[in-house]
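Numbering follows the numbering used here, with no gaps: position 31 of the sequence shown is 72. We put the beta carbon where it would ideally sit given N, CA and C, even for glycine. A quick write-up on the structure given underneath.
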Amino acid sequence: MDDFNTLLTEDNRTSSVQEIEVKDFNNFLENTGSSKIKTIGRKYTWTNGHVYSKIDWALGSTRWRQRFPHVVAKVLHPGFSDHTPLAITIQSSTPCKAKPFRFINALAKLVDFLKVVKTGWKVHVQGNYMDHIWNKLKNVKKELKKLNTQDFINVGNKIKAARARLQEI
């Protein structure tokens with residue numbers, strides 16, 4: 042956690058941003074294998090009264106973030122400073138976990154399969170390269186779940202109905 046005095050993306054400041062201002066920090070994150078920890082609370086962490094920027098970051102390595110998946114950085118009230126302090130907190134995990142995604146080979150045989158994968162992959166995401174891949178895969182997963190639901194909804198009932206028709210023959 043630190044005051045890096047730099048931006049991660051162009052939307053981290055209310056005024057204009059030069060590409061070089063975000064490029065160096067993103068390269069640093071990529072070269073060190075670090076990524077930002079999710080923040081909650083205020084959007085900006087610094088102000089001079091006219092410009093608002095997010096320049097204070099909580100970072101973690103991939104290994105550390107896997108070990109502590111429920112950690113978030115809370116952006117606190119700035120008090121008398123022009124910077125806002127960050128506090129690391131551990132959110133309680135949700136007791137009801139979603140079912141893990143399981144790829145069904147039959148999905149790949151559907152007419153819309155490639156279109157759905159391309160749609161999920163084309164969504165614009167922010168962050169370093171690892172974040173890009175992670176978020177793009179999450180988008181593809183979401184699209185494939187929709188396709189699965191759309192094409193295989195009530196498959197159990199359809200199988201029973203088909204078996205019943207076969208019995209009649």
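Secondary structure note for G197: its alpha helix (DSSP H) is the uninterrupted segment 196-209.
Counting only residues of its own chain and dropping the five nearest sequence neighbours on each side, D172 has a CB closer than 6 angstroms to the CB of S76. Cβ neighbours of Y85 within its own chain (closer than 7 angstroms, five residues either side excluded): Y93, S94, K95.
Non-local beta-carbon contacts of E184 in its own chain, meaning distances under 8 angstroms to residues more than five positions away in sequence, involve V157, V158, T160, G161 in chain order. Check the Cα spacing between G90 and each of D97, V63, V112, S56: the tightest is with S56. For the pair F121 and K177, the Cα-to-Cα distance works out to about 40 angstroms.
When DSSP assignments are scanned along the region 48-81, the uninterrupted stretches of alpha helix (DSSP H) that are 4 or more residues long and fall wholly within it turn out to be 60-73.
Checking the DSSP bridge columns, you'll see H124 partnered with W87. If you draw a straight line from the Cα of N68 to the Cα of S102, it comes to about 14 angstroms.
Linking E51 to L148 through their CA atoms gives a straight-line distance of about 37 angstroms. Apart from sequence neighbours up to five positions away, the residues of its chain that approach V164 with a beta-carbon distance below 6 angstroms are N180, ordered along the chain. A straight-line Cα-Cα distance of about 16 angstroms links I131 and W98. Rounded to the nearest whole angstrom, the C-alpha separation of F144 and N195 is 18 angstroms.
Non-local beta-carbon contacts of K115 in its own chain, meaning distances under 6 angstroms to residues more than five positions away in sequence, involve I81, G82, A128, T130 in chain order.
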